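Shown next, in structure tokens, is the structure this report addresses.
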Amino acid sequence: MARICVQAADFDIGAEFAALVAGRTDIGGIGCFVGTVRANAGDPVVAMTLEHYPAMTERAIARIAEEAERRWDLLGCTVIHRVGRLVAGENIVLVLAAASHRQAALDATGFLIDWLKTKAPFWKKEELPDGATTWVAARDADEAAASRW
Amino acid sequence: MADAEPPLTILYFAWLRERTGASQESVPLPAGVATVGALVAWLAARSPGHASAFANRRTVRCAVNQDFADPETRIGPGDEIAFFPPVTGG
Chain A
16 MARICVQAAD FDIGAEFAAL VAGRTDIGGI GCFVGTVRAN AGDPVVAMTL
66 EHYPAMTERA IARIAEEAER RWDLLGCTVI HRVGRLVAGE NIVLVLAAAS
116 HRQAALDATG FLIDWLKTKA PFWKKEELPD GATTWVAARD ADEAAASRW
Chain S
78 MADAEPPLTI LYFAWLRERT GASQESVPLP AGVATVGALV AWLAARSPGH
128 ASAFANRRTV RCAVNQDFAD PETRIGPGDE IAFFPPVTGG
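Line by line, the protein sequences are chains A and S. First residue of the first sequence? That's 16 in my numbering, and the numbers climb one at a time after it. First residue of the second sequence? That's 78 in my numbering, and the numbers climb one at a time after it.
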């Protein structure tokens with residue numbers, strides 16, 4: 016059973032890691048991915064606002080996690096996605112996947128973030144230093160990354 | 078009317094919300110509308126903002142009762158139908 020949370024507050028990676036492995040001796044590896052707000056050179060994003068579809072979001076993430084658990088026989092899984100306004104450098108998303116062996120843990124982590132990017136109802140709006148805002152367009156590369164699984 | 082059908086709840090997210098000027102609206106199921114695609118055609122005629130939101134339908138995604146749907150998905154009274162751009166989370 017995955018731990019899934021959609022929240023405005025930041026997450027504590029250490030605490031989430033500890034909660035995932037507490038009392039377990041069957042886990043052989045844990046994959047971890049943290050997505051953060053990036054300011055590109057020439058595109059100095061100061062913040063992003065993450066919007067989502069509250070009635071659907073956690074259910075959509077749960078389905079993605081169930082798919083990962085089924086494909087890689089995961090021993091535990093955590094997905095925390097933040098919403099609201101996040102400034103450059105802040106955490107956006109945490110994915111942890113625990114398995115008996117490293118390959119399953121690493122592959123499941125990659126699968127989870129790739130599918131989250133294309134199959135969970137979140138939308139990002141970028142904010143530039145002059146206050147101008149633009150909705151981030153979906154990238155074909157993300158769709159290709161999701162479809163490779 | 079006591080026997081009135083429950084209306085559709087239409088939700089808009091991201092730039093569809095900005096263009097329609099509404100995050101949510103409640104409308105009776107229009108006569109002759111049985112699919113998402115037919116509903117989009119009906120909604121697009123509601124206002125210039127709606128027309129703008131649905132101008133490029135290839136960039137609009139949909140969910141019916143919180144499940145991803147497509148233009149052929151059938152809809153009925155009381156359904157919650159959400160329109161949004163391709164997702165960009167993660």
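Beta carbons: idealized from backbone N, C-alpha and C, even for Gly. All of these numbers come straight from a predicted model, not from anything done at the bench.
Option nearest residue i by Cα separation, candidates the options
i	options	result
S:N133	S:Q101, S:F161 and S:E149	S:F161
A:E141	A:G99, A:T72 and A:A156	A:G99
A:T124	A:H116, A:L111, A:F26 and A:H96	A:L111
A:A37	A:A113, A:D129, A:S162 and A:E158	A:A113
A:A156	A:T133, A:I95 and A:M16	A:T133
A:S115	A:M16, A:R39 and A:D27	A:R39
A:R86	A:I42, A:C47, A:Q118 and A:F137	A:Q118
A:I42	A:I95, A:A70, A:L90 and A:W138	A:L90
A:K139	A:G57, A:M16, A:A70 and A:L65	A:L65
S:R151	S:G167, S:L116, S:A81 and S:R94	S:L116
S:A130	S:G114, S:E157 and S:L93	S:L93
S:P84	S:D156, S:G114 and S:G167	S:D156
A:M16	A:A77, A:A56, A:D122 and A:Q22	A:A77
A:F26	A:A33, A:R97, A:E81 and A:A70	A:R97
S:T86	A:R74, A:A70 and A:A56	A:A70
Beta-carbon spacing of residue i, residue j below 8 Å
i	j	result
A:A83	A:L131	no
A:T72	A:I107	no
S:F90	S:A146	no
A:G44	A:A120	yes
A:A24	A:I79	no
S:T112	S:P148	yes
A:V102	A:V49	no
S:S100	S:L88	yes
A:C191	A:I95	Absent from the model: residue 191 of chain A. The displayed extent of chain A is 16 to 164, so no value can be given.
Neighbourhood of residue i by C-beta distance below 7 Å, restricted to the same chain and skipping five residues each side
i	result
A:P59	L143 and P144
A:G104	T51 and V52
A:A33	none
Close beta carbons around residue i, own chain, < 6 Å, minus the five adjacent residues each side
i	result
A:T93	R18, E31, L35 and L111
A:D88	none
S:H127	T97, L120 and A121
A:M63	V52, L101, K139 and E141
S:E82	P154
A:Y68	P136
Which residues DSSP lists as bridging residue i, in chain order
i	result
A:N106	A:T51
S:Y89	S:F160
A:K140	A:T64 and A:W150
A:E84	Its beta-bridge partners do not exist; DSSP assigns none.
A:L111	A:C47 and A:T93
S:D144	S:V141
S:Q101	S:L88
A:G99	A:L65
A:I182	Summary: the structure shown does not reach residue 182 of chain A, with chain A confined to residues 16 through 164, and so no result is reported for it.
A:T133	DSSP lists no partner for A:T133.
S:R151	S:T112
Nonlocal neighbours in the same chain, by C-beta distance under 8 Å from residue i, ignoring five residues either side
i	result
S:P163	T136 and R138
A:D129	D157, A160, A161, R163 and W164
For this session: Would you check if the region 119-126 of chain S and the region 138-149 of chain S touch, i.e. whether three or more CB-CB distances between them fall below 8 Å?
Result: No contact exists between the region 138-149 of chain S and the region 119-126 of chain S.
For this session: Spell out a yes or no on whether the region 103-111 of chain S and the region 149-163 of chain A are touching, meaning 3 or more CB-CB pairs, one atom from each, closer than 8 Å.
Result: The region 103-111 of chain S vs the region 149-163 of chain A: no contact.
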